[in-house]
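Number of protein chains: 2
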Amino acid sequence: MASQPNTSSLPMTSSTQHERGQRASGRPSRVGTAADRVFLSLLRRYIQDAQVSLALGDLVYGPTSGEPVGTIQIRNRATLMRLLARPTLEFGEAYMKGDLEVAGDLVAALEALYRTTSDVARGWWHRLALWLDRSHSLNAARHNIHHHYDIGNDFYRLWLDEHLVYTCAYFAHDRASLEEAQRAKLEYVCRKLRLQPGERVVEAGCGWGALALHMAREHGVRVRAFNISHEQIAYAREQARAEGLADRVEFIEDDYRHITGRYDAFVSVGMLEHVGLECYDALGRVIDRVLDPNGRGFLHFIGRNRPAPLNAWIRKRIFPGGYPPTLPQVVGLILAPFDLSVVDIENLRLHYARTLHHWRSRFEAATDCVRTMFDEPFARAWLLYLAGSEAAFTTGTMQLFQVLFARGATNRVPISRKDLYVRPL
Amino acid sequence: MASQPNTSSLPMTSSTQHERGQRASGRPSRVGTAADRVFLSLLRRYIQDAQVSLALGDLVYGPTSGEPVGTIQIRNRATLMRLLARPTLEFGEAYMKGDLEVAGDLVAALEALYRTTSDVARGWWHRLALWLDRSHSLNAARHNIHHHYDIGNDFYRLWLDEHLVYTCAYFAHDRASLEEAQRAKLEYVCRKLRLQPGERVVEAGCGWGALALHMAREHGVRVRAFNISHEQIAYAREQARAEGLADRVEFIEDDYRHITGRYDAFVSVGMLEHVGLECYDALGRVIDRVLDPNGRGFLHFIGRNRPAPLNAWIRKRIFPGGYPPTLPQVVGLILAPFDLSVVDIENLRLHYARTLHHWRSRFEAATDCVRTMFDEPFARAWLLYLAGSEAAFTTGTMQLFQVLFARGATNRVPISRKDLYVRPL
Chain A
1 MASQPNTSSL PMTSSTQHER GQRASGRPSR VGTAADRVFL SLLRRYIQDA
51 QVSLALGDLV YGPTSGEPVG TIQIRNRATL MRLLARPTLE FGEAYMKGDL
101 EVAGDLVAAL EALYRTTSDV ARGWWHRLAL WLDRSHSLNA ARHNIHHHYD
151 IGNDFYRLWL DEHLVYTCAY FAHDRASLEE AQRAKLEYVC RKLRLQPGER
201 VVEAGCGWGA LALHMAREHG VRVRAFNISH EQIAYAREQA RAEGLADRVE
251 FIEDDYRHIT GRYDAFVSVG MLEHVGLECY DALGRVIDRV LDPNGRGFLH
301 FIGRNRPAPL NAWIRKRIFP GGYPPTLPQV VGLILAPFDL SVVDIENLRL
351 HYARTLHHWR SRFEAATDCV RTMFDEPFAR AWLLYLAGSE AAFTTGTMQL
401 FQVLFARGAT NRVPISRKDL YVRPL
Chain B
1001 MASQPNTSSL PMTSSTQHER GQRASGRPSR VGTAADRVFL SLLRRYIQDA
1051 QVSLALGDLV YGPTSGEPVG TIQIRNRATL MRLLARPTLE FGEAYMKGDL
1101 EVAGDLVAAL EALYRTTSDV ARGWWHRLAL WLDRSHSLNA ARHNIHHHYD
1151 IGNDFYRLWL DEHLVYTCAY FAHDRASLEE AQRAKLEYVC RKLRLQPGER
1201 VVEAGCGWGA LALHMAREHG VRVRAFNISH EQIAYAREQA RAEGLADRVE
1251 FIEDDYRHIT GRYDAFVSVG MLEHVGLECY DALGRVIDRV LDPNGRGFLH
1301 FIGRNRPAPL NAWIRKRIFP GGYPPTLPQV VGLILAPFDL SVVDIENLRL
1351 HYARTLHHWR SRFEAATDCV RTMFDEPFAR AWLLYLAGSE AAFTTGTMQL
1401 FQVLFARGAT NRVPISRKDL YVRPL
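Heads up: the protein sequence lines correspond to chains A and B, in order. For the first sequence, the numbering used here assigns the number 1 to the initial residue and increments by one for each residue that follows. For the second sequence, the numbering used here assigns the number 1001 to the initial residue and increments by one for each residue that follows.
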């Protein structure tokens, strides 16, 4: 009997979750200390019936029923204690440092965890956390963006497509390569905006400039593209010169709040996640100020079905200041106050899962190089981020929304979406 | 000088609106009493620079600049006073009773009014009004629906299409007739839902049954369709029998809150406007209860960009209990709490304007018949409702949203929308 965990002594374990775990494959194969058993079973309880096993040394707690898709191997009790205290933060910290390993398919294991643990903001605590995360002043925003996007173009070249498009691709057919899918996405955005030659377009958060250049090259528009990442802007300007597009595409190293001029179209792909809820009104005012009476706009962003803060570890290590909004937040706070009208919304989350799959495959193939450029914890952190993001999109934990909008009073809006699909993307 | 309105004596007229009106075409051609002039100029002030003239007898106040598209002829001072007190309610009341006439294009004049006067809910008064309009108990809902939909199928036959589809049509091409456009809409809804033969569909608020019958006939699904309009259900059942579809389409005279069973798809076209905000949670619970884990749903409804109560007169005479919601209200109150995920949203407001144009043309051609069935005020009320609705959609005062959604965790969602457009609608 000494080899059986004493479930009755577990604090807070009144239900049968843990006991059911014991009856199924959850029986520990060997026993650690009594404390190890208690703490590991509490963690098991936290992840509910997730189809993964938890292991500390030889102590293994499997899922209630069915086969686990992987095993989370916790290296030591200190890590276990940290996981219990702040699971969403410490999982990433431990993985990054090698204090936690995932045996089996990493994405499948993370999917299993996402399916049973929810980030949804409940109660005043989460609302307070959201309110406190008001870190998007001009300086803070620059710091946030610098943290992620200025770590070296060479690094991103290892695993992004040739044009360094670092947002969800669009796989118009099953055999599309990442390169084809990114090009299709750029074209899809232009089609949704119904760009016409000679029009003026402003882009907020232009990354390495691929969309701005595509718009000018393929659709004959003039573009002013804003970004506060110094490395990205430098690269984008160089591309514009190399392509002979510098007279039609102006890359500006500045904050979206400083956009001036008047435009036929406003476009932002993958910036809104960095804006922060408390600045949505400011973004709405910018759009309202710069958009022509017959203008239209486009927002492409990672979102949620329900309000929730970004995963604490991702916020700490990957995207400081990041927040994926819900549609009501975007429509209610950015568009509605300025009578901007939703024309078309599409959810592309499965495209993002596929995009991330491509990125991770390339990243894994380049891991040695990443280790050399940075170090092992960095390589592990980014692998976890890419795998975790893929899992978040396949499980519906995250969404990818494309929102096309127009001035409320203009009738120059597309009457049909058929034109988007007449020619292959 | 006696023939000049004494603008300086106008209470509350501190700005130059009225004076500018005088300098332009707004000069009264002849003068009523001083009081008439005061009150008419106040009304002029209320509608701001709307491109219409206001007339009381020979007293005419034109727009600040430009030519008016029509003249609102107020028959007597009592009507003018009522208009000043409660403009949105009394405009309709006066028009209906013949105390107000619109010379010129009725839709153009209403568009002009919509462009300068806003229904947007501002401040606590409007929020209170919204809160007070909690009139959607099972009995109240039945009363509301009876008021509009049970006034006689013969009446609707006069001006709707042959299948009595009383919601926004889809004009797939410019030359589409109303009949073609309504058929295209039914098919478009089915395509968006990606209906497969043998699937189970529940419809909430099925009107005269056209969509339910189309789904069963053209897509081989089994349908249970709910409606609390007695006349509509009776008609729909008769149609099902006549078409030999009674074994696959069940029409049920009951409230959406009483839907039972499990379904692959939930669909509701044109019911949400009658549900009332305070019942959105109940609707969400119904959808959550009856939808399969891989199920998807569809909501088609008249909406707004910004929260606002329905026009007071429309609420009194046409749609008691009606409320056109915003997207944040629909997504935030119906979908999000149950982790239902937005897949696709489309705004079809210009299609509704065109639909209403068809309905009004047919209605006008049948006016004598309507007068015989009912009376002159009824005929005038419905003409105003149809013309006003057309104007609301052309000016962007109202929207028509189609929202496709799915369970948050299912990956059986369409990866592309191209399939909607491969075959002609």
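Note that the Cβ used here is the ideal one computed from N, Cα and C, for glycine as well.
Checking the sheet assignment: what are the DSSP bridge partners for residue 146 of chain A? Per DSSP, none; premise fails for residue 146 of chain A.
I'd like to know whether the C-beta of residue 1434 of chain B is nearer than 8 angstroms to at least one C-beta of chain A. The structure shown does not extend to residue 1434 of chain B, since chain B is modelled only from 1001 to 1425, so the question has no answer here.
Can you check which of these residues, A:138, A:174, A:330 and A:117, is closest to residue 400 of chain A by C-alpha distance? Nearest option by C-alpha distance: A:330.
Does chain A have any CB closer than 8 angstroms to the CB of residue 1336 of chain B? Closer than 8 angstroms to some Cβ of chain A, the Cβ of residue 1336 of chain B qualifies, so yes.
If you measure from the beta carbon of residue 323 of chain A to each beta carbon in chain B, is any gap under 8 angstroms? No, its Cβ sits nowhere closer than 8 angstroms to a Cβ of chain B.
Unbroken stretches of the alpha helix (DSSP H), 4 residues or longer, contained in the segment 221-270 of chain A: With a minimum length of 4 residues, the unbroken runs of alpha helix (DSSP H) contained wholly in the segment 221-270 of chain A fall at 230-243.
Could you tell me the alpha carbon to alpha carbon distance between residue 306 of chain A and residue 1256 of chain B, rounded to whole angstroms? Each residue's alpha carbon lies about 25 angstroms from the other.
State the Cα-Cα distance for the pair residue 291 of chain A and residue 138 of chain A, rounded to the nearest angstrom. One C-alpha to the other measures close to 22 angstroms.
Using 8 angstroms for Cβ pairs, my map puts residue 1314 of chain B next to residue 1385 of chain B. What's the rounded Cβ distance? Yes, residue 1314 of chain B and residue 1385 of chain B are in contact; Cβ-Cβ is about 6 angstroms, under 8 angstroms.
Return the bridge partner residues of residue 1103 of chain B from the DSSP annotation. Among the bridge pairs identified by DSSP, residue 1103 of chain B is matched with B:1071.
Please return the same chain residues whose Cβ sits closer than 8 angstroms to the Cβ of residue 154 of chain A, not counting the five positions on each side in sequence. Taken in chain order, the residues that qualify are 373.
Under the criterion of a Cβ to heavy atom distance below 7 angstroms, does residue 402 of chain A qualify as lining the ligand HEM? Looking for the ligand HEM in the displayed structure turns up nothing, as the structure carries no ligands at all.
Starting from residue 1341 of chain B, find everything on chain A with Cβ-Cβ shorter than 7 angstroms and list it in chain order. Going along chain A in sequence order, the residues near residue 1341 of chain B (Cβ under 7 angstroms) are 305, 347, 396 and 399.
Between the CA atoms of residue 1040 of chain B and residue 1030 of chain B - distance to the nearest angstrom: With a pLDDT of 48 at residue 1030 of chain B, under the threshold of 50, the modelled position of this residue cannot be trusted, and the question is left open.
Please list the terminal residues of the continuous beta strand (DSSP E) segment that includes residue 399 of chain A. Start and end: 399-407.
Can you tell me the Cα-Cα spacing of residue 388 of chain A and residue 1150 of chain B, whole angstroms? Cα to Cα, the separation comes out at about 55 angstroms.
How about residue 1412 of chain B: is its C-beta nearer than 8 angstroms to some C-beta of chain A? Chain A places no beta carbon closer than 8 angstroms to that of residue 1412 of chain B, leaving this residue out of the contacts.
Report the neighbours of residue 192 of chain A on chain B: residues whose CB is nearer than 8 angstroms to its CB, in chain order. Think of a sphere of 8 angstroms around the beta carbon of residue 192 of chain A: no beta carbon from chain B falls inside it, the nearest being about 11 angstroms out.
Mind listing, in chain order, the continuous alpha helix (DSSP H) runs of no fewer than 4 residues lying wholly within the segment 178-206 of chain A? Given a length threshold of 4 residues, each whole run of the alpha helix (DSSP H) inside the segment 178-206 of chain A is given here in chain order: 178-193.
Between which residues of its own chain and residue 410 of chain A is the CB-CB distance below 7 angstroms, once the five residues before and five after are set aside? These residues qualify, in order along the chain: 293 and 294.
Here's the rule I'm using: 16 or more other beta-carbon atoms within 10 Å means buried, otherwise exposed. How should residue 67 of chain A be labelled? A residue is called buried when at least 16 other Cβ atoms come within 10 angstroms of its Cβ; residue 67 of chain A does not meet this threshold and is exposed.
Cβ-Cβ separation, residue 79 of chain A to residue 105 of chain A (assumed contact under 8 angstroms), whole Å: Between residue 105 of chain A and residue 79 of chain A the beta-carbon gap is near 22 angstroms, outside 8 angstroms, which marks them as no contact.
Is the CB-CB distance between residue 1335 of chain B and residue 1407 of chain B below 8 angstroms? Annotated as distal: residue 1335 of chain B and residue 1407 of chain B, with beta-carbon spacing of 8 angstroms or more.
Spatially closest choice to residue 33 of chain A from A:69, A:76, A:45 and A:46, by CA coordinates: Considering only alpha carbons, the answer is A:76.
Examine chain B for any beta-carbon lying closer than 8 angstroms to the beta-carbon of residue 417 of chain A, and answer yes or no. For residue 417 of chain A, the answer is yes, since a Cβ of chain B falls inside 8 angstroms of its Cβ.
Backbone CA spacing between residue 362 of chain A and residue 177 of chain A [nearest angstrom]: When rounded, the separation of the alpha-carbon atoms in residue 362 of chain A and residue 177 of chain A is 12 angstroms.
Taking 8 angstroms as the threshold (beta carbon to beta carbon), is residue 1344 of chain B in contact with chain A? Judged by the 8 angstroms Cβ criterion, residue 1344 of chain B is in contact with chain A.
With 8 angstroms as the threshold, decide whether the Cβ of residue 210 of chain A is near any Cβ in chain B. No, because no Cβ of chain B sits closer than 8 angstroms to the Cβ of residue 210 of chain A.
Would you kindly work out how many angstroms separate the C-alpha atoms of residue 1425 of chain B and residue 312 of chain A, rounded to a whole number? Straight-line Cα distance between these residues: approximately 47 angstroms.
Proximal residues of chain D, C-beta to C-beta of residue 275 of chain A below 7 angstroms: Protein chains in the displayed structure are A and B, and chain D is not among them.
Taking only three categories from DSSP, how would you classify residue 318 of chain A? Residue state, collapsed to three classes: helix.
8 angstroms CB neighbourhood of residue 1235 of chain B in its chain, flanking five on each side removed: Around residue 1235 of chain B: 1153, 1164, 1208 and 1209.
So that I know if they touch, is there some Cβ in chain B lying closer than 8 angstroms to that of residue 388 of chain A? Chain B places no beta carbon closer than 8 angstroms to that of residue 388 of chain A, leaving this residue out of the contacts.
Short Cβ contact (8 angstroms threshold) for residue 393 of chain A with residue 420 of chain A: With respect to the 8 angstroms criterion, residue 393 of chain A and residue 420 of chain A are not classified as neighbours on the basis of their beta carbons.
Would you say residue 328 of chain A reaches chain B, if we count a Cβ-Cβ gap shorter than 8 angstroms as a contact? At least one chain B Cβ lies under 8 angstroms of residue 328 of chain A.
Answer with yes or no whether the minimum CB distance from residue 409 of chain A to chain B is below 8 angstroms. Judged by the 8 angstroms Cβ criterion, residue 409 of chain A is in contact with chain B.
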